[in-house]
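A.B. asks: For the sequence shown, our numbering begins at 425 and goes up steadily by one.
Quick reminder that beta carbons are idealized off the backbone N, C-alpha and C, glycines included.
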Amino acid sequence: MATKGHSMDSTKQYIKAISQISDHTRTTKEEMQELWKRVKRGDRRAKERIMEMNLKLVIPTAKKFLYPGADLMDLVEEGNLGLLHAIDKFEPSKGFRFSTYASYWIEQYVRRSVEENSKTIRIPPHAWTALRKWLKQWDNMHGKLGRNPTLSEMAKKMHWNANQVRTALNASEIMVGITSLESPLNASESDDTLGDMLHEDDSNAPENLISVLHLHDELKLALKEIGDRERMIVEYRYGLTGQTPMTLHDIGKKLSLSRERVRQIEERALLRLRRVAAKMGLIEISKRPDHTNIQPGWHQPKIKTNLLGDSVPSKPYTPRILTKKTPAKKNNKEEKIKTSG
425 MATKGHSMDS TKQYIKAISQ ISDHTRTTKE EMQELWKRVK RGDRRAKERI MEMNLKLVIP
485 TAKKFLYPGA DLMDLVEEGN LGLLHAIDKF EPSKGFRFST YASYWIEQYV RRSVEENSKT
545 IRIPPHAWTA LRKWLKQWDN MHGKLGRNPT LSEMAKKMHW NANQVRTALN ASEIMVGITS
605 LESPLNASES DDTLGDMLHE DDSNAPENLI SVLHLHDELK LALKEIGDRE RMIVEYRYGL
665 TGQTPMTLHD IGKKLSLSRE RVRQIEERAL LRLRRVAAKM GLIEISKRPD HTNIQPGWHQ
725 PKIKTNLLGD SVPSKPYTPR ILTKKTPAKK NNKEEKIKTS G
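(1) Beta carbon of Leu499, beta carbon of Ala526: below 8 Å?
(2) In whole angstroms, what separates the C-alpha of Glu502 from that of Ser537?
(3) Among the residues of its own chain, which have a CB less than 6 Å from the CB of Thr485, if the five just before and after it don't count?
(4) Can you grab the Cα-Cα spacing for the pair Ile442 / Ile483, in whole Å?
(5) So, is Leu694 buried or exposed, given that buried needs 16 or more other C-beta atoms within 10 angstroms?
(6) Of the choices Ala701, Ile511, Gln588 and Trp584, whose alpha-carbon is the least far from that of Leu481?
(7) Grab the span of the alpha helix (DSSP H) containing Asp674 for me, first residue to last.
(8) State yes or no: is the C-beta of Val700 within less than 8 Å of the C-beta of Glu654?
(9) Going straight from the alpha carbon of Asn478 to that of Leu569, what length do you get?
(10) Among Trp552, Glu476, Trp460 and Arg473, whose alpha-carbon lies nearest the alpha-carbon of Lys513?
(11) How would you label Leu645, buried or exposed, when you count the other beta carbons within 10 angstroms and need 16 or more for buried?
(12) Helix, strand or coil, according to DSSP, for Ile650 in the structure here?
(13) Should Leu575 be labelled buried (16 or more other beta-carbon atoms within 10 Å of its own) or exposed?
(14) To the nearest angstrom, report how far apart Met578 and Trp584 are at their CA atoms.
(15) For Thr553, count neighbouring C-beta atoms within 10 Å of its own C-beta (all shown protein chains included) and say buried if the count is 16 or more, exposed if not.
(16) If you compare alpha carbons, which of Tyr528, Arg468 and Lys487 is closest to Lys436?
(17) Among Met656, Asp674 and Lys580, whose alpha-carbon lies nearest the alpha-carbon of Arg692?
(18) Indicate the three-state DSSP secondary structure (helix, strand or coil) for Pro669 in the structure shown.
(19) Would DSSP call Gly466 helix, strand or coil?
(20) State the Cα-Cα distance for the pair Met456 and Arg473, rounded to the nearest angstrom.
(21) So, at 7 Å on beta carbons, what are the nonlocal neighbours of Arg661 in its own chain, with the 5 sequence-adjacent residues on each side left out?
(22) Tell me the rounded alpha-carbon separation between Lys560 and Asp467.
(23) Can you round the beta-carbon distance between Arg687 and Leu697 to whole angstroms, since I take them to be within the 8 Å contact cut?
(24) Is His583 helix, strand or coil when you go by DSSP?
(25) Just how far apart, CA to CA, sit Leu647 and Val463?
(26) Taking only the alpha-carbon atoms, compute the straight-line gap between Ala470 and Asp563 and give it to the nearest angstrom.
(27) Could you check where the alpha helix (DSSP H) with Leu507 kicks off and where it finishes?
(28) Taking Ala551 as the reference, give the member of Ala586, Glu454 and Thr591 with the closest Cα.
(29) For Leu505, collect the residues of the same chain with a Cβ closer than 8 Å to its Cβ; drop the 5 residues on either side in sequence, then sort them by chain order.
(30) Is Pro484 helix, strand or coil when you go by DSSP?
(31) Below 8 Å on the Cβ atoms is my guess for Tyr438 versus Met497; work out the distance and round it to an integer in Å.
(32) Determine the extent of the alpha helix (DSSP H) in which Thr524 is found, giving its start and end residues.
(33) Starting from the Cα of Gly663, find the closest Cα among Gly519, Leu643 and Asn587 and give me that residue.
(34) State the start and end residues of the unbroken alpha helix (DSSP H) segment that holds Arg685.
Set out below in structure tokens:
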């Protein structure tokens with residue numbers, strides 16, 4: 425208990441300290457522009473000053489992702505690393521607010537800490553993504569059906585195979601083992617629940633990618649880097665031309681394509697947009713080897729699975745051996761007629 429009290433005191437002292445720093449480091453617009461010029465020239469003191477001025481941005485995000493058993497200051501430290509990264513990446517010449525840009529990177533660093541490096545939560549990022557999608561769809565179907573949807577109903581609605589369903593369910597079991605999804609993340613500071621956090625879009629979500637490109641006024645430029653049909657589907661899917669976002673089914677009807685084909689084209693388009701955004705320095709993508717073929721017409725081959733999610737080996741190919749047909753035996757009756765003739 426003493427340790428917990430000491431931790432609370434340290435947190436309060438830190439928050440008070442950064443508030444005082446922010447009050448004493450207010451600058452004019454001209455002074456701010458000069459600071460950024462110095463940062464771009466490698467001035468360490470200018471970078472530290474901008475860092476001090478924006479430390480207060482980290483606290484709300486750290487509180488948002490705080491879960492039972494976690495130390496707020498650990499999350500704050502991760503958020504501070506995100507803030508440093510944002511300072512290195514920010515381009516003031518584009519005319520956007522640094523606080524908006526920094527908040528994005530702060531959240532990515534804090535989220536990654538919670539999802540990957542926590543001693544109590546051991547869920548890979550792809551499983552978190554699957555669980556968020558699963559919970560969102562579960563809520564929708566529960567509202568429409570008035571009951572809990574079955575696994576088969578969920579899988580059919582989401583077009584998921586057994587392995588994908590298993591990934592989401594495994595992640596759900598781990599989370600339930602930690603705490604209820606409806607438990608407050610920090611009862612004294614926020615009403616946010618763990619379920620709320622799971623429903624947040626992660627850094628790889630398409631909506632987040634589109635938002636980042638919008639933020640930096642690079643969306644039109646990025647869309648020029650992909651094919652015409654890919655661009656059209658992305659525009660329809662996310663309502664980029666002013667219309668209401670369309671479903672895969674509706675886009676398919678409009679373009680005379682199957683729902684699955686539209687999904688494949690969208691997936692390929694988003695992959696290309698991520699690479700364009702990464703080249704622009706707006707996001708970071710995994711360094712792991714990527715052998716994905718994104719040539720037009722290509723799509724990820726499907727793996728056959730059984731009801732339990734175990735992959736089913738495809739039947740081995742056996743070449744058909746053509747044999748020379750033997751002449752059919754003549755009818756005995758016909759033989760006798762020819763002989764008598």
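C.D. replies: Let me lay it out:
(1) no
(2) 7 Å
(3) Gly503, Ile530, Glu531 and Val534
(4) 10 Å
(5) buried
(6) Ile511
(7) Leu672 to Leu679
(8) no
(9) 47 Å
(10) Trp460
(11) exposed
(12) coil
(13) exposed
(14) 8 Å
(15) buried
(16) Lys487
(17) Met656
(18) coil
(19) coil
(20) 10 Å
(21) Pro669, Met670, Ile675 and Glu690
(22) 46 Å
(23) That pair is no contact at about 15 Å.
(24) coil
(25) 31 Å
(26) 48 Å
(27) Leu496 to Lys513
(28) Thr591
(29) Tyr533
(30) helix
(31) 7 Å
(32) Phe522 to Arg536
(33) Leu643
(34) Arg683 to Lys703
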